[in-house]
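Step one of this worksheet: look at the structure below.
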Amino acid sequence: MTNNHIAPYDLSVSTPPFEQCPACGTEWAPALWIVVDADHRPDLLLAVQDHSLCTFRCGACANSISVNAPFLVVRGRTPRLMYSPSPGTTSLDDHNQLVSLLCRLKQAAAEHWDDKLAEELTIIARPLLPAELSNVAGRATHSATDLVNALLMADTTWKQQYMLARYPELYQADMWALLEKKIDEARQERNSSTLANLRAQYGLLTSCHRAGAAKIKSLLPSPRVYVSTTDLNDLLLESARAMLLRQSDAAVFSLLEATRRMKPAENPLLWAEIYLTLGELAEIDAAVDDDARLLAQ
0 MTNNHIAPYD
10 LSVSTPPFEQ
20 CPACGTEWAP
30 ALWIVVDADH
40 RPDLLLAVQD
50 HSLCTFRCGA
60 CANSISVNAP
70 FLVVRGRTPR
80 LMYSPSPGTT
90 SLDDHNQLVS
100 LLCRLKQAAA
110 EHWDDKLAEE
120 LTIIARPLLP
130 AELSNVAGRA
140 THSATDLVNA
150 LLMADTTWKQ
160 QYMLARYPEL
170 YQADMWALLE
180 KKIDEARQER
190 NSSTLANLRA
200 QYGLLTSCHR
210 AGAAKIKSLL
220 PSPRVYVSTT
230 DLNDLLLESA
240 RAMLLRQSDA
250 AVFSLLEATR
260 RMKPAENPLL
270 WAEIYLTLGE
280 LAEIDAAVDD
290 DARLLAQ
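Taking numbering that gives the first Met the number 0, the leading residue of the sequence shown gets 0, the next gets one more, and so forth.
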């Protein structure tokens, strides 16, 4: 264990992902580790590296069950906090899940917690995390194939932004060649959805290359937004809950209040995501009003 660890004890946190086997119904509550202390729990670190952390096997029916969950890795060297967002989320989901994990870590660290720790936070794409954790000094090196595949798996603007800012290697010629090869393969297979995604990523990469890595890094969400004590995070969590409950008025109120408490320059990506969500909520309300008018006729 290194001397730069946040606390002198294990900070790992777990939660049961379910209370019975989804396949056979047997009562069973395994431990899903959402905060992994890499220094105190080498067994959990190994599970992160071999991608088995979120996979469980039922003792009754032997079915293998994978859970789609984000997690936070804590360690005693820089960066001390590494966040791995779950796939299939929105940018707002990524933010809210991160805030929730930081709250759990803060509770575990107790008096050892320092809000400045959030400034060391690094977001790492799931496919690249094993190599990043294995690297002892400097930055990990990744193959062109691994980087391009990780970029293609980045399913939100939030994740793409971190990929493009953290890995300037993506702007090298061999990356373009690999993407062009994948586009040709998708075209030959007549896979329209894959082709559309590849072309979108190619266009995104081209735009970012023109802007330059320094400009992309300046657009990254501010670590201050992730401090678990801010009113802004409470408002974002309230809006997320309201949207889940289909309470659009409450969601709009929380999002508008959030825009009043932040400046666009502090976090332009989150600002844009909030206004995109407001636009979607407005479209939903308009559609509901149209349906009501038609029913009234």
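Glycine residues also receive a C-beta, built at the ideal position from the N, C-alpha and C atoms.
- Between R125 and P86, the CB-CB gap stays under 9 angstroms.
- Secondary structure at F70: strand, using DSSP grouped into helix, strand and coil.
- Scanning its chain for C-beta atoms nearer than 8 angstroms, with the 5 sequence neighbours on each side dropped, one finds around L194 the residues I182, A185 and R186, in chain order.
- Partner residues in a beta bridge of F17, as assigned by DSSP, do not exist.
- Around the beta carbon of P7, a 10 Å sphere encloses fewer than 16 other beta carbons of the protein chains shown; the residue is thus reported as exposed.
- If only uninterrupted alpha helix (DSSP H) runs of at least 4 residues are considered, those enclosed by the region 21-92 are 41-48.
- Judged by their CB atoms, L177 and T144 are nearer to each other than the 9 angstroms cut-off.
- For L10, the three-state secondary structure derived from DSSP is coil.
- Going by DSSP, T121 is part of no alpha helix (DSSP H) but of the beta strand (DSSP E) stretching over L120 to I122.
- Between L43 and A37, the C-beta spacing is below 9 angstroms.
- Nearest in C-alpha terms to R76, of all of L120, E188 and N62, is L120.
- Straight-line spacing of the CA atoms in P16 and A172 works out to 43 angstroms.
- Setting aside the 5 residues that flank it on each side, W112 is surrounded in the same chain by K105, each with a C-beta closer than 6 angstroms to its C-beta; the list follows chain order.
- Residue range A172 to E188 is occupied by the alpha helix (DSSP H) that includes A185.
- Collapsing the DSSP output to three states places P126 in a helix.
- In the DSSP annotation of this structure, the continuous segment of the alpha helix (DSSP H) that includes M152 starts and ends at A143 to M152.
- In this structure, DSSP gives Y161 a helical state, which the three-state scheme calls helix.
- Counting the other CB atoms within 10 Å of its CB gives R56 a total below 16, which places it among the exposed residues.
- Taking a C-beta distance under 9 angstroms as the contact criterion, T54 and I33 do not qualify as a contact pair.
- When secondary structure is reduced to three states using DSSP, K262 falls in the coil class, being assigned neither helix nor strand.
- Taking C-beta atoms under 8 angstroms as the contact rule, L280 and A257 fail to qualify, at a distance of about 13 angstroms.
- DSSP, reduced to helix, strand and coil, places Q246 outside both helices and strands of the structure shown, so it counts as coil.
- Taking all protein chains shown into account, R79 has 16 or more neighbouring C-beta atoms within 10 Å of its C-beta and is therefore buried.
- By the Cβ neighbour-count rule, K158 is buried, with 16 or more other Cβ atoms within 10 Å of its own.
- Judged by beta-carbon spacing, I122 lies within the 9 angstroms limit of M81, meaning their Cβ atoms are closer than that value.
- For T155 against D93, the beta-carbon gap comes to about 6 angstroms, under 8 angstroms, which counts as contact.
- CA-to-CA, the gap between Y274 and A199 works out to about 22 angstroms.
- Under the three-state reduction of DSSP output, I273 falls in the helix class.
- Of the residues R189, P129, E131 and M174, the one whose Cα lies closest to the Cα of N148 is M174.
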